[in-house]
Amino acid sequence: MARPQAPSGNTRKLDEVNAWTKKRHEAALEPELPIIDSHHHVWSDRRGRYLIHELLEDIDTGHNIIASIFIEAETMYRAEGPTAMKPVGEVEFANGVAAMSASGRYGKSRLCAGIIGHADLTLGDRVQPVLEALIAAGNGRFRGIRHTATWDTGDAAKHQIPRHQSLPHQILSPAFRQGFARLQPLELSFDAWLFYPQLPELVDLLSAFPSTNVVLTHSGGLLGIPPHDGRRDEVFAIWRGHIRVLAQFPNLSIKIGGLGMIRCGWDFHLRTVPPPSEDLAAAWRPYVETCIEAFGPSRCMMESNFPVDKQSCGYGVLWNAFKRITQGCSDAEKGALYRDTAARVYRLAV
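Read in order, the letters of the sequence shown are residues -11 to 338 in my numbering.
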């Protein structure tokens, strides 16, 4: 019997997902390969509980996770004070998790070693004090901003947390660009999260800001739900064309992952038992290989996107899927994909 259909956005039923993913366990492939998980979240709110202990339980699957990057997800905002400053609370929270991990009492993995927070870049020049407050709250760990700009006419726009229900063409607006211009002087990067039809807008942004460090997340925002469903070959061709154009910008790198989100359309979440890594690798291989071929390993980094991608598989199974896809890479190429690119882009001393 298949599991019930879930929303096409982020799951809010972590308890259910945890029980489901535990139905499949795999021994870690290449267990000594050092990994920096370049994209994960930590939260405890309406979506469920995913704090340090839950993250550690996922990590304890035999893979060599040496460090991780925390990515904002609208959690633990300040309850009081100016609206623009409320996201500072999330960085304070993430820095607390990082401090716990750095104590060594929770194992060798350095969780949240780099922190990406949120600031409303449409504030324009008024975002400057927010950025400065975020840097201070990160206690040396703050690395950049994610201002989600995903927008679509179909189901992908539904079931998102309020701030992620973006306006169309947001990164093209003068106010956003004015705020974006404040990042590079502060040595802050920008994590770009858009859906694949929006990627030409990122080309425009990169052309205007060739010196700002930008990271395209979630493999470029694939969609396989209405109105993009039933068109996988067509969508792949369009997406691949955008990826090849974007790869021409040397200040852009890409995170390979986010493919387990329900909105990607593979429906692994409907299986009674989670898929094995062989099935995931077969589905994801064309997308992973396209990114690596376009950007080269030195501008690619691997991400778990947990707990969001837990909708499709367990943590250890996800890394096995990636390792199956990259098994033909050289040791140097694997070093870049799984550790070195993330360490360089996010300035981690690991």
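Just so you know, even glycine gets a beta-carbon here, dropped at the ideal spot from N, CA and C.
Gln236 counts as exposed, since fewer than 16 other beta carbons sit within 10 angstroms of its beta carbon. Bridge pairing for Asn52: Pro22 [DSSP]. DSSP places Lys10 outside both helix and strand once states are collapsed to three, so it counts as coil. The continuous beta strand (DSSP E) containing Trp31 extends over residues 31 to 33.
Approximately 6 Å separates the beta-carbon atoms of Arg131 and Ser177; this is inside 8 Å, confirming the contact. With 16 or more neighbouring CB atoms inside 10 Å of its own CB, Pro262 falls in the buried class.
Segment contact: the region -1 to 16 against the region 248 to 262, three or more CB-CB distances shorter than 8 Å; contact assigned. Here Pro117 is exposed: its Cβ has fewer than 16 other Cβ atoms, across all protein chains shown, within 10 Å. Within 10 angstroms of the beta-carbon of Gln299 lie 16 or more other beta-carbons, which makes it buried.
Val79 sits close to Ala125, with the two beta carbons spaced by under 7 Å. Straight-line spacing of the CA atoms in Val85 and Ile40 works out to 7 Å. Contact between Arg232 and Ala282 holds, with the beta-carbon distance rounding to 5 Å and staying under 8 Å. Straight-line measurement puts the Cα of Ala67 at about 7 Å from the Cα of Lys74.
Looking at the DSSP output, Tyr334 bridges to nothing. Looking from the CA of Phe310, the closest CA among Arg327, Lys243, Val276 belongs to Val276. For Ile313, the uninterrupted alpha helix (DSSP H) segment begins and ends at 303 to 313. Taking C-beta separations shorter than 6 Å and ignoring five residues to either side along the sequence, the partners of Gly112 in its chain run Ala163, Gln166, Gly167, following chain order.
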